[in-house]
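Structure, as structure tokens:
Number of protein chains: 2
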Amino acid sequence: MPMRAQQLAGMRLFVGLSAEALADVAATGRVQSLPKGTILFTQGTAADRCHAVIAGRMRISQAGVEGSQLIVRFIGPGEMFGTMALFTDGRYPADAVSLIDSIEISWTEPVLLELIHRYPQIALNLVRIAGARLREAQERLRELATEQVDRRIAHMLLRLAGPGALQGNMDAAIAFPLTRQDIASMCGATLYTASRILKTWERAGYVSTHHRRLTIHQLVEIRRIAEGHRSQKTQP
Amino acid sequence: MPMRAQQLAGMRLFVGLSAEALADVAATGRVQSLPKGTILFTQGTAADRCHAVIAGRMRISQAGVEGSQLIVRFIGPGEMFGTMALFTDGRYPADAVSLIDSIEISWTEPVLLELIHRYPQIALNLVRIAGARLREAQERLRELATEQVDRRIAHMLLRLAGPGALQGNMDAAIAFPLTRQDIASMCGATLYTASRILKTWERAGYVSTHHRRLTIHQLVEIRRIAEGHRSQKTQP
DNA sequence: CGAACTCTTTGCGCCGGCGCAAACCTTGGC
DNA sequence: GCCAAGGTTTGCGCCGGCGCAAAGAGTTCG
Numbered sequence: 027m028p029m030r031a032q033q034l035a036g037m038r039l040f041v042g043l044s045a046e047a048l049a050d051v052a053a054t055g056r057v058q059s060l061p062k063g064t065i066l067f068t069q070g071t072a073a074d075r076c077h078a079v080i081a082g083r084m085r086i087s088q089a090g091v092e093g094s095q096l097i098v099r100f101i102g103p104g105e106m107f108g109t110m111a112l113f114t115d116g117r118y119p120a121d122a123v124s125l126i127d128s129i130e131i132s133w134t135e136p137v138l139l140e141l142i143h144r145y146p147q148i149a150l151n152l153v154r155i156a157g158a159r160l161r162e163a164q165e166r167l168r169e170l171a172t173e174q175v176d177r178r179i180a181h182m183l184l185r186l187a188g189p190g191a192l193q194g195n196m197d198a199a200i201a202f203p204l205t206r207q208d209i210a211s212m213c214g215a216t217l218y219t220a221s222r223i224l225k226t227w228e229r230a231g232y233v234s235t236h237h238r239r240l241t242i243h244q245l246v247e248i249r250r251i252a253e254g255h256r257s258q259k260t261q262p
Numbered sequence: 027m028p029m030r031a032q033q034l035a036g037m038r039l040f041v042g043l044s045a046e047a048l049a050d051v052a053a054t055g056r057v058q059s060l061p062k063g064t065i066l067f068t069q070g071t072a073a074d075r076c077h078a079v080i081a082g083r084m085r086i087s088q089a090g091v092e093g094s095q096l097i098v099r100f101i102g103p104g105e106m107f108g109t110m111a112l113f114t115d116g117r118y119p120a121d122a123v124s125l126i127d128s129i130e131i132s133w134t135e136p137v138l139l140e141l142i143h144r145y146p147q148i149a150l151n152l153v154r155i156a157g158a159r160l161r162e163a164q165e166r167l168r169e170l171a172t173e174q175v176d177r178r179i180a181h182m183l184l185r186l187a188g189p190g191a192l193q194g195n196m197d198a199a200i201a202f203p204l205t206r207q208d209i210a211s212m213c214g215a216t217l218y219t220a221s222r223i224l225k226t227w228e229r230a231g232y233v234s235t236h237h238r239r240l241t242i243h244q245l246v247e248i249r250r251i252a253e254g255h256r257s258q259k260t261q262p
């Protein structure tokens with residue numbers, strides 16, 4: 027409990043706030059625990075709160091009219107979600123489910139607005155976060171429009187494995203469980219195609235999966251595929 | 027010249043500002059005329075200004091490593107662009123070109139921050155704009171991931187024809203010139219596929235093009251295709 | 001008003017990825 | 001540690017859309 031304000035300090039949404047401000051923020055939020063598989067909200071529901079993950083992992087996904095699904099993003103500790111809804115039409119544009127046992131903190135809309143009023147820095151932080159996500163979304167759009175499935179999956183794995191996966195050469199693990207279907211739904215592919223590609227990489231020793239958790243063993247190879255250098259298909 | 031403050035009042039970025047505030051905003055901006063084809067900025071360049079269109083139309087596009095292009099959006103009067111760059115890594119993430127003769131107004135970063143400081147409402151407006159775009163981007167992502175090319179093109183045409191295209195039944199025109207390549211680059215398709223689909227619709231009398239400007243004559247049909255009710259292919 | 005340019009159309013062949021079905025394997029619950 | 005449930009793999013056939021090439025408009029200049 028006394029940890030709370032300190033944890034908030036690490037959130038991008040509250041960067042630059044004083045200790046008192048953080049205490050204020052912490053005091054006005056509601057903490058909730060979300061056992062694995064909890065549906066926190068669904069697409070189209072009225073949005074009355076904005077959320078942030080303290081521990082665990084949420085899956086944010088958007089459904090099309092006829093069942094098609096796209097996973098928009100995974101939310102980990104310190105990241106917020108369901109916030110843009112408050113500033114647009116007041117309805118959540120996606121579903122939120124906890125992938126593993128998780129803890130979240132949330133603020134009602136009036137409270138958040140009041141906090142912004144009291145600490146304008148929060149508004150700027152919000153712009154920064156939205157800007158970063160917008161940029162990421164546009165990059166994904168370009169990928170989806172112009173790149174092949176294997177490249178998109180490679181990119182996605184690198185992104186999910188965290189910033190470390192961009193330089194190092196050690197094994198990089200994705201810290202939460204993912205099904206083939208999840209991976210497919212993130213990349214705009216089918217379960218079958220995702221399975222075939224990942225199995226190929228597994229046979230080649232590039233990656234492995236245990237308990238739905240994926241580890242990249244050959245970062246160099248995955249990076250090479252992500253950058254579009256074709257795999258060995260064309261070699262004898 | 028004296029019109030400027032009034033024009034700014036219509037911009038979403040300056041909603042809720044007083045007349046004096048608008049005059050302040052207008053006075054600190056720089057107005058520039060951009061003949062057709064002017065490249066205002068390119069991807070990767072350092073971003074020192076944020077922009078808004080007063081008249082005309084800009085095309086914002088993102089290039090991949092090997093020449094692939096995605097058109098992110100078209101910017102019309104009253105809309106802003108090149109703004110998120112100031113709040114992320116300070117580099118423009120895309121190219122901006124004027125499609126027709128245009129006029130823009132822009133503010134330097136320090137000036138914009140000063141304005142936000144003086145009129146915090148601007149920060150909230152920024153969050154709203156970014157939120158709306160983020161939502162749109164995510165919807166496009168889902169479309170791109172799960173829908174076929176003809177549906178995506180139909181959707182895009184409806185979006186470009188403006189809000190009126192969603193209800194009315196009159197002809198809806200897209201107010202600026204578009205090549206087949208442009209349409210393809212917005213939808214993640216190839217020039218050839220876009221041409222084939224549009225020609226089919228033209229033959230059926232759903233749309234027509236003159237001087238690169240497209241008009242939808244059968245909104246009902248285009249809406250039907252966008253919603254996924256298959257065309258007559260399967261009928262005898 | 002006509003010439004040059006750019007954009008558009010279309011035939012043709014090909015292939016990446018989809019999607020079903022069925023067997024197989026892993027995983028989590030008890 | 002066992003068993004049921006759920007996730008994964010893989011063969012096979014198919015098709016939407018790509019991509020080249022070359023001819024055919026439409027558009028924009030001088």
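For the protein sequence lines, the chains are A and B, in the order given. Quick note on the working numbering: the first sequence kicks off at 27 and runs consecutively. Quick note on the working numbering: the second sequence kicks off at 27 and runs consecutively. Ideal Cβ positions, reconstructed from N, Cα and C, are used throughout, including at glycine.
Check, Outcome
"Taking only the alpha-carbon atoms, compute the straight-line gap between Ala149 of chain A and Leu43 of chain A and give it to the nearest angstrom.", "12 Å"
"Could you say which of A:Asp74, A:Met106 and A:Val153 lies nearest to Thr134 of chain A if we only look at CA atoms?", "A:Asp74"
"What residue does the beta strand (DSSP E) around Glu135 of chain A start on, and which one ends it?", "Counting along the chain, Glu135 of chain A falls outside any beta strand (DSSP E), though it belongs to the alpha helix (DSSP H) covering Glu135 to Arg144."
"Can you tell me whether DSSP reads Asp121 of chain A as helix, strand or coil?", "strand"
"Less than 7 Å separating the beta-carbons of Arg83 of chain A and Leu152 of chain A?", "no"
"Is the CB-CB distance between Leu18 of chain A and Leu167 of chain B below 7 Å?", "An answer regarding residue 18 of chain A cannot be provided, because it is not within the stretch 27 to 262 covered by chain A."
"Taking the alpha-carbon positions, what's the Cys213 of chain A to Leu183 of chain A distance?", "10 Å"
"Show which residues of chain A have a CB atom less than 9 Å away from the CB atom of Glu140 of chain B.", "Chain A residues near Glu140 of chain B: none, gap ~13 Å exceeds 9 Å."
"Per DSSP, which one or two residues make a beta bridge with Thr235 of chain B?", "B:Leu240"
"Using the rule of at least 16 other Cβ atoms within 10 Å of the residue's Cβ for burial, across every protein chain shown, is Pro119 of chain B buried or exposed?", "buried"
"Along the alpha helix (DSSP H) that carries Met84 of chain A, what are the first and last residues, could you check?", "Taken as a continuous stretch (DSSP letters only), Met84 of chain A belongs to no alpha helix (DSSP H), being part of the beta strand (DSSP E) at Met84 to Ala89."
"Note down the Cα distance separating Glu130 of chain B from Glu169 of chain A, rounded to an integer number of angstroms.", "30 Å"
"Tell me whether the stretch 55-70 of chain A and the stretch 107-123 of chain A touch, counting them as touching only if at least three CB pairs, one residue from each stretch, are closer than 8 Å.", "yes"
"Would the stretch 92-102 of chain B count as touching the stretch 48-55 of chain B if we require 3 or more Cβ pairs under 8 Å?", "no"
"Give the straight-line distance between the Cα atoms of Leu192 of chain A and Gly254 of chain A, rounded to the nearest whole angstrom.", "15 Å"
"Just reading off the beta strand (DSSP E) that Arg56 of chain A is part of, what are its end residues?", "Arg56 to Leu60"
"Just tell me which of B:Leu112, B:Phe113, B:Ser87 and B:Ile80 has its CA closest to the CA of Glu105 of chain B.", "B:Ile80"
"Measuring only the C-alpha atoms, how far is Thr260 of chain B from Thr226 of chain B?", "Annotation note: pLDDT 35 at Thr260 of chain B (below 50); position unreliable, coordinate value reported separately. Distance between the alpha carbons of Thr260 of chain B and Thr226 of chain B: 15 Å."
"I want to verify the contact list: residues of chain B whose CB lies under 7 Å from the CB of Ala158 of chain A, in sequence order.", "Thr114"
"Which whole-angstrom value describes the C-beta separation of Arg85 of chain B and Phe100 of chain B, a residue pair presumed to lie in contact below a C-beta threshold of 8 Å?", "6 Å"
"Could you tell me the distance, in whole angstroms, from the CA atom of Ala198 of chain A to the CA atom of Leu186 of chain A?", "10 Å"
"At 7 Å on the CB atoms, spell out the chain A contacts of Leu96 of chain B, in chain order.", "Leu167, Arg168, Ala171 and Thr172"
"Determine, for Arg161 of chain A, whether the minimum Cβ-Cβ distance to residues of chain B falls below 7 Å.", "yes"
"Could you name the residues of the same chain whose beta carbon sits closer than 6 Å to that of Pro203 of chain B, not counting the 5 residues immediately before and after it, in chain order?", "Arg238 and Arg239"
"Taking its Cβ as the centre, do 16 or more other Cβ atoms sit within 10 Å of Glu173 of chain A, making it buried, or is it exposed?", "buried"
"Work out the CA separation of Ile251 of chain B and Leu48 of chain B for me, nearest whole Å.", "43 Å"
"To the nearest angstrom, report how far apart Arg177 of chain A and Ser87 of chain B are at their CA atoms.", "21 Å"
"Please list, in chain order, all residues of the same chain as Ile179 of chain A whose beta carbon is under 8 Å from its beta carbon, the five residues on each side excluded.", "Ile209, Cys213, Ala215, Ala220, Ile223 and Leu224"
"What distance in whole Å lies between the Cβ atoms of Asn195 of chain A and Val246 of chain A, which are believed to be in contact at a cut-off of 8 Å?", "7 Å"
"Taking Cβ-Cβ distances shorter than 9 Å, what residues in chain B pair up with Leu125 of chain A?", "Near Leu125 of chain A there are no residues of chain B at all, since even the closest Cβ is about 19 Å away, more than 9 Å."
"Please classify Glu46 of chain B: does DSSP put it in a helix, a strand, or coil?", "helix"
"For Gln164 of chain B and Val98 of chain A, which I take to be in contact (beta-carbon distance under 8 Å), what is that distance rounded to the nearest angstrom?", "6 Å"
"When the Cα atoms are used, what is the spatial distance from Gly231 of chain B to His243 of chain B?", "7 Å"
"Does any CB atom of chain A fall closer than 7 Å to the CB of Met110 of chain B?", "yes"
"Between Val153 of chain B and chain A, is the shortest Cβ-Cβ distance under 7 Å, so that the two count as touching?", "yes"
"Among the residues of its own chain, which have a CB less than 8 Å from the CB of Met27 of chain A, if the five just before and after it don't count?", "The predicted model places Met27 of chain A with a pLDDT of 45, which falls under 50 and marks its position as unreliable, so this point remains unresolved."
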